[in-house]
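When we follow my numbering, the leftmost residue of the sequence shown carries the number 600, and every step to the right adds one. Virtual Cβ for every residue (Gly too), placed ideally from N, Cα, C. For clarity, every value in this text was computed on a predicted model and none was experimentally measured.
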Amino acid sequence: MNKKILVTGGAGYIGSHTVAQLCEDGYDVVILDNLSTSCEESVVRLRKITGKEIPLYKVDIRDTDNVRKVLREEKIEAIIHFAAYSLVGESMTNPLKYYENNLYGTKQLLEAMTEEKVDKIVFSSTAATYGEPKSIPILETDETNPTNTYGETKLSMEKMFKWTANAHGLRYVSLRYFNACGAHESGLIGEAHNPETHLIPIILQAAAGVRESISVYGTDYPTRDGTCVRDYIHVYDLAKAHVAAVKYLIDGGKSDIFNLGTEIGSTVKEVIDAAKKITGKAIKVVYGERRAGDPAVLTASNKKAREVLGWKPEKTMEDIISSAWKWHSNNPHGYKK
Ligand code: UDP
C-alpha cells in the first residue's frame with residue numbers, strides 16, 4: 600500500500616507544489632486547509648496536473664477533533680505542516696494573530712498527532728528564524744534571533760516540536776527556507792498572495808502591466824551593486840526537499856533542522872535584469888529608501904541538506920523567472936477568474 604501523507608496548508612503556494620511532487624513520487628496525499636489565505640481552485644488544478652483525486656478537508660488545524668478524525672480515517676503515515684500565516688509586515692502589526700494561528704494551531708495539531716499516534720512531521724520553517732546574521736552563508740548551528748513576530752513564531756514552533764518529540768517519541772524535520780519563488784512547469788499553480796509583497800511576483804506584475812513599477816528598497820547596502828542580496832530558491836526544489844524529508848523520516852531518520860537555499864546570492868538589481876531579459880518587457884524601476892528590518896545579505900549554507908537528505912537544488916534564476924512568468928502571464932490575478 601502507498602504511504603499516505605497529510606499536507607496541512609496544501610492549497611497554498613509551497614504546499615500545493617509539494618502535493619504535486621508527492622503525487623509524482625507515488626505517495627497518496629490528503630490536503631487539510633481552512634482556505635483562509637488560499638483557495639480551492641489550486642486543489643482543482645492539482646487534480647488536473649496529477650490525475651489524482653486528492654481529498655481536500657476544509658478543516659482548521661485548531662479543530663483537534665476533526666483533525667483527529669482525518670488522521671484516523673485516512674490512516675495517515677506522516678504530516679507535512681505548511682498551515683500558518685506568513686506575512687512579516689502583518690506579523691508586526693498584529694502579532695497575536697500569528698501566535699494564535701501559528702503557535703496555538705501547531706499545538707493543537709501536535710495534540711491530535713500524539714492522540715492518534717502519527718509520529719512523523721515535516722515542518723515549514725524559515726530563514727527568518729535567524730534574524731540579522733553574524734556570518735554568511737548561514738549555518739543551521741548559527742544563533743537564532745528573529746527580528747519579527749513571524750520568525751519568532753516559527754522558531755517557537757520548532758521548539759514545540761523538539762520538546763514534544765522528546766516527551767512523546769515523535770520525529771520531525773524542520774526546513775528553513777530562504778526566498779521561495781518560481782512556479783509549476785504547467786503554469787497552472789504558482790505564487791498568489793494578497794497583498795503581494797515579494798520581489799519576483801512584484802517585478803513580474805510590473806512586466807505584465809498589472810502594476811505600474813517596482814520600487815527597489817535601498818541602493819546603499821554594502822553589496823556589489825548597493826541592493827540587498829537574497830538566496831532565491833525555486834519552489835520545485837523546495838517541494839523535492841519536502842519529499843526527501845518525508846522519506847528520511849519514514850526510513851527512520853532522526854529529528855533535525857535543515858536550511859533550504861542555493862548558496863547563490865542575487866541582488867535586487869540582478870533579479871530585475873534577469874526578468875527584463877526573460878520577459879522581453881520594459882520594467883519601470885523606482886529607487887527608494889530601505890525597508891525596515893532588511894539585512895544586507897542573506898544566503899544559506901545547504902551542505903547539511905545535501906549530505907543528510909541527499910537533496911540538491913537543480914533550478915537556476917532563469918528557471919525561476921521563466922516558470923513564474925508563465926504562471927503570472929496565464930493568471931495575472933492569481934486564482935481569481
Ligand atoms: N524588495 C524590493 N522591492 C519590493 C519587494 C522586495 O526591493 O517591492 C527587496 C527586499 O528589500 C529584499 C528582497 O527584495 O531585499 C526580497 O524581498 P522579499 O519581500 O521578496 O523577501 P524577504 O527577503 O523579505 O523574505
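At a threshold of 7 Å, N778 counts as near the ligand UDP, since its beta carbon sits closer than that to one of the ligand's heavy atoms.
Distances from the CA of E689 to each of H792, K657, I788 were compared; the closest alpha carbon is that of H792. For S812, there is no enclosing alpha helix (DSSP H), as DSSP gives it neither H nor E.
Looking at the DSSP output, I737 shares a beta bridge with A899. Counting other Cβ atoms within 10 Å of its Cβ, P745 reaches 16 or more and is therefore classed as buried. Under the three-state reduction of DSSP output, F857 falls in the strand class. For V884, the CB stays at least 7 Å from every heavy atom of the ligand UDP. Sorted by chain position, residues whose beta-carbon lies closer than 6 Å to a non-hydrogen atom of the ligand UDP are N778, T796, H797, L798, I801, I813, S814, V815, Y816, C827, R829, V867, R890, D893.
Bridge pairing for G730: N744 [DSSP].
Secondary structure of N665 (DSSP, three-state): helix. Non-local C-beta neighbours of P931 in its own chain, meaning closer than 6 Å and more than five positions away in sequence, comprise A807, V809, ordered along the chain. Fewer than three Cβ pairs drawn from the region 757 to 771 and the region 894 to 901 lie within less than 8 Å of each other, which leaves the two stretches out of contact. Within the DSSP secondary-structure output, G887 pairs in a beta bridge with Y816. Between the region 601 to 618 and the region 668 to 681 there are three or more inter-stretch CB-CB distances shorter than 8 Å, so the stretches are counted as touching.
Positions of the beta strand (DSSP E) runs, each at least 3 residues long and wholly inside the region 637 to 692, are given as 677 to 680 in order along the chain. Exclusion of the five residues before and after K674 leaves K603 as the residues of its chain whose Cβ lies within less than 8 Å of its Cβ.
Per DSSP, S724 lies in no alpha helix (DSSP H) segment; the continuous beta strand (DSSP E) that holds it begins and ends at 719 to 725. Taking 8 Å as the cut-off, the Cβ atoms of T866 and V828 count as close.
Of the residues I737, L702, V666, the one whose Cα lies closest to the Cα of G864 is I737. If you look at D918, you'll find it in the alpha helix (DSSP H) that goes 916 to 929. Within the region 609 to 637, the runs of alpha helix (DSSP H) that reach at least 4 residues and sit entirely inside it are, in chain order, 612 to 623. When the alpha-carbon of Y656 is set against those of T649, E731, N665, the nearest one is in N665. When the alpha-carbon of T725 is set against those of E714, T743, E715, K716, the nearest one is in T743.
Between Y749 and A727, the C-beta gap is smaller than 8 Å, which places the two residues in contact. For Y776, the secondary structure class from DSSP, reduced to helix, strand or coil, is strand. DSSP places L605 in the uninterrupted beta strand (DSSP E) bounded by 603 to 607. The C-beta distance from T617 to A838 rounds to 4 Å, short enough to meet the 8 Å contact threshold. In summary, S635 is exposed, with fewer than 16 beta-carbon neighbours lying within 10 Å of its beta-carbon over all protein chains present. The beta carbon of H767 is closer than 7 Å to those of T713 in its chain, skipping five residues each way along the sequence. The distance from the Cβ of E790 to that of C780 is about 7 Å, consistent with a contact at the 8 Å cut-off.
Judged by DSSP in its simplified three-state form, H792 adopts coil rather than helix or strand.
Below 8 Å, enough C-beta pairs join the region 774 to 788 and the region 912 to 927 to call them touching: three or more.
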